[in-house]
Amino acid sequence: MSHKGKNSAVSGKGKKPKPGGESKSEDVLQAVVLADSFQDRFRPFTLEKPRCLLPLANTPLIEYTFEFLAMNGVSEVYIYCGAHTDQVEDYVNRSRWSTASRSCPFSVLQFVRVSDARSVGDVLRDMDKRSLVGGDFLLVHGDLVSNMLLDGVLAAHRKRREESAANIMTLVLSSAGAHEHRTKTHGITPVFAVDSRNKRCLHYDEINPLQSEHYLSLDPAIPDELSTDFEVRADLIDAHVDICTPEVLALWSESFDYELPRRNFLHGVLKDWELNGKMIYADILEDGYAARASNLQMYDAISRDMLEGWTTPFVPQANVVPRQSYTYYDGAVVAENGSSVPTDADVSNSVIGNGSSIGSGSKVSGSFIGKHCKIGANVTLDNCFVWDDVTIEDGARISRSILADSAVVGKDCSIPTGSLVSFGSQISDGITLAEGAVISTLTADGQPVTKDTKLLGATTNAAPFVDPEDEEVDEEDPSRLQKSLIYSLANLNLSTSTISTFASDVESDSDDEGGFLAADATSSRSRLSSFASDDSGGRISFHNDAVHGLLDALRDETGDFDSAKLEFMGLRLATDASDTMMRKAIATAFARRAAELLTPEHGGLEPGKAAEKALRARKGATKFIDEVGVGGEEPEQVEFVLAVQRALLHAKGVETPRAGILLAALLQQLYSLDILEEEGILGWWNDERALLS
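This is the structure:
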């Protein structure tokens with residue numbers, strides 16, 4: 001698939017724009033591609049290869065992103081890379097997207113390196129400093145798959161911008177409809193409040209199944225001059241396709257603490273519209289496909305949507321990349337020239353790359369097989385992703401798993417649902433893995449593993465992958481629902497009463513159907529931010545920042561606790577954190593400090609001494625727990641103890657029996673300090689949640 005466009009003799013990096021963000025003509029559309037999302041839910045694969053180069057239906061993800069930009073008339077592209085920048089540059093400069101190529105549709109394609117960026121916010125603030133764009137630009141991620149045509153949306157955006165400089169941004173969303181389908185988000189559901197008449201976005205929030213409350217109150221501050229009706233939509237697919245003006249970058253620079261485009265920036269700008277005077281709009285498209293392979297579950301969903309043709313023209317048989325030669329056959333099999341399938345093999349709903357062979361008697365269904373793979377005889381592949389140069393020996397059985405480049409699975413192995421086998425990993429004959437196993441030849445810091453021959457057999461070069469970041473994730477952080485290939489709530493002990501819905505304080509003019517609510521915008525409302533509630537994304541940021549701040553203070557045993565208390569209370573005010581959030585953060589920090597004092601690197605203390613030192617080493621710490629963390633009532637004391645218990649059970653390097661001993665020691669200390677009362681401890685003991693923590 002080729003595109004006409006203006007060519008440039010500049011190789012790879014393109015032409016350097018003049019500083020100062022000079023105005024661009026209407027026919028010059030720029031795009032910023034975030035090739036590093038800073039939320040890595042593809043580990044361990046991304047230890048060796050950037051996400052944007054991972055294969056989706058045997059084509060690197062970034063190919064689909066570039067196709068989307070080209071079909072929408074983008075002229076200038078700026079690619080922000082993080083990890084593996086050299087790999088991205090090398091791939092693009094050897095592809096038809098290089099501005100040295102005669103078929104490149106872009107006049108400028110420039111790579112931008114930001115070595116110290118830790119978030120999307122850091123990247124966009126850096127972009128503002130560089131003044132790379134001088135007009136409207138598309139902001140997308142390098143894992144976007146979309147066939148949406150934006151002509152109408154761009155025209156509407158430009159018209160609004162001409163009417164008022166305050167109209168700075170348009171979100172491009174797509175309607176998911178009332179019925180269930182793969183691409184609807186799991187784990188975290190975005191919720192938008194949109195003015196029905198002029199499409200202005202009024203409020204943004206998120207809901208998730210881990211919320212402890214039974215509902216989420218959406219109460220946006222809507223000025224009286226807006227139209228009567230607005231919709232609260234929880235049925236939209238947000239692929240993070242944004243049309244922005246340079247003023248958007250200026251707002252990012254002003255808000256130096258913003259990290260995430262939706263949870264921080266969008267929510268904050270909408271919440272403070274009276275202060276900043278900026279307007280954001282949402283165009284909801286009924287036609288077209290858009291989704292991001294932002295996690296393994298979405299990767300799986302988009303792949304299957306592609307096989308069924310929902311992403312047309314971006315399907316395997318369209319041969320998007322030069323020199324591909326896929327052909328569609330009966331049984332929904334898309335095979336490339338040079339692949340080999342015997343007549344007695346049962347293959348259906350699958351993609352097979354060039355040079356790959358399938359052995360006699362094998363059954364392959366719903367699977368994507370890359371190039372030069374060797375699938376043995378009597379192998380079963382059910383809904384699997386097998387990347388390039390993989391070897392699967394005779395009799396192996398693999399279900400709903402991913403095998404990365406050059407992986408080897410021995411004879412008669414069983415790889416169950418949700419397993420991830422990373423690059424070059426070898427599994428010996430006859431091995432059966434546990435469900436959801438993650439196998440890698442590298443540790444989380446990129447070092448070679450100590451091979452686990454007991455688990456993976458004598459010929460292995462790999463071991464189970466342990467990600468330290470998982471241990472830092474709060475148990476109620478909904479992002480953990482998206483870190484595996486299989487979405488499941490089975491092990492979370494959730495009842496239907498804890499699955500969140502949304503509600504509004506205003507009365508509805510119609511039944512809540514199809515995921516939206518039409519409401520009267522003239523009713524009374526308060527300026528409540530539901531991100532400041534105990535059950536939203538803002539809670540996660542507060543919790544992590546608060547815990548780490550308190551831990552740093554506890555480790556520094558010089559001086560008193562007053563400065564740490566001031567920082568904590570300042571953070572509480574900045575995020576509008578609730579009492580429950582504060583209680584949980586304080587309990588977690590002191591529990592983690594006590595737990596780490598058990599470890600050799602922090603003194604190797606006995607549980608009693610560790611509990612005493614954690615609570616009493618800093619002057620003012622026990623007073624802080626008493627006045628801020630616990631409270632005098634029995635329910636508050638029970639919640640505090642439950643939070644301590646959960647933190648200890650998830651503490652790094654502490655076995656469950658020792659965690660129980662340490663919990664008893666902490667309770668004894670808190671009781672002797674008159675912080676916990678007997679009723680509070682007995683209330684915790686009789687609480688059924690104590691058995692489940």
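The opening position of the sequence shown corresponds to residue 1 in the working numbering, with each subsequent residue numbered one higher. Heads up, the beta-carbon is just placed ideally off N, CA and C, and yes, glycines get one too.
CA-CA distance, residue i and residue j?
i	j	result
I168	S484	36 Å
Q317	G353	11 Å
L455	K411	15 Å
N147	D122	29 Å
S529	T170	Note on S529: pLDDT 35, under 50, position unreliable in the model; no value is reported.
V408	T380	15 Å
L420	C413	14 Å
G683	M581	20 Å
K129	E76	18 Å
A577	G570	10 Å
L649	A659	6 Å
E677	A546	26 Å
T245	P448	45 Å
S422	P464	10 Å
I675	Q669	9 Å
E612	T622	11 Å
My understanding is that residue i touches residue j, with C-beta atoms under 8 Å, so please give their C-beta distance in whole angstroms.
i	j	result
L442	L47	5 Å
V628	I681	Contact flag wrong, Cβ pair sits at about 20 Å.
Y204	H267	5 Å
Y91	L53	6 Å
L642	R689	6 Å
S367	S339	The Cβ separation is near 13 Å, so there is no contact.
Y425	A462	According to the sequence provided, residue 425 is Ser. The question's Tyr does not apply to it. Right, the Cβ-Cβ distance comes to about 4 Å (below 8 Å), so this counts as a contact.
L662	P607	4 Å
R125	W252	5 Å
R158	M279	Contact flag wrong, Cβ pair sits at about 14 Å.
A594	A614	4 Å
Pull the bridge partners of residue i from the DSSP assignment, please.
i	result
K363	D346 and T380
Y204	F192
S294	Note: S294 sits in no beta bridge, so no partner.
S146	A290
L260	According to DSSP, L260 bridges with nothing at all.
R397	T380 and S414
P448	L442
F385	F368 and I402
Between the Cα of residue i and those of the options, spot the shortest distance and give me the residue it belongs to.
i	options	result
A574	M298, D687 and S255	S255
A332	P468, F230, H240 and E308	E308
E89	S103, P105, F68 and I62	I62
A747	A83, R102, L433 and S175	Given that the chain is displayed from residue 1 to residue 693, the structure contains no residue 747 and the question cannot be resolved.
A434	I398, E678, A591 and K451	I398
V153	A647, N383, V172 and S401	V172
S360	D394, H543, V386 and S107	D394
Q30	F42, A57, N72 and R43	N72
R96	V321, I392, L615 and E606	V321
S348	N337, G338, S356 and Y328	Y328
M298	V248, G134, I486 and P313	I486
D382	D388, K363 and I392	K363
D344	G376, V315 and L138	G376
G134	A166, L249, R43 and I188	L249
V351	P342, N544, R323 and V315	V315
I427	D445, T460 and A437	T460
D116	D405, D235 and D36	D36
Just to confirm the assignment, what range does the beta strand (DSSP E) spanning residue i have?
i	result
D242	L236 to C244
N167	N167 to S175
S75	V74 to C81
E231	D229 to R233
L138	F137 to H141
Y329	Y326 to Y329
Q317	Unbroken run through Q317: none, as it is neither H nor E.
Q30	L29 to L34
V333	V333 to E336
I681	Counting along the chain, I681 falls outside any beta strand (DSSP E), though it belongs to the alpha helix (DSSP H) covering E678 to N686.
Within the continuous alpha helix (DSSP H) that includes residue i, where are the two ends?
i	result
D128	V120 to R130
Y281	That residue, Y281, is in no alpha helix (DSSP H); its beta strand (DSSP E) goes M279 to L285.
V114	No alpha helix (DSSP H) contains V114, which DSSP labels as neither H nor E.
I62	L61 to M71
I586	D579 to E596
L649	E634 to L649
D90	T85 to N93
Using a Cβ-Cβ distance cut-off of 9 Å, determine whether residue i contacts chain D.
i	result
P190	Within the model displayed, chain D is absent; a lone protein chain is all it includes.
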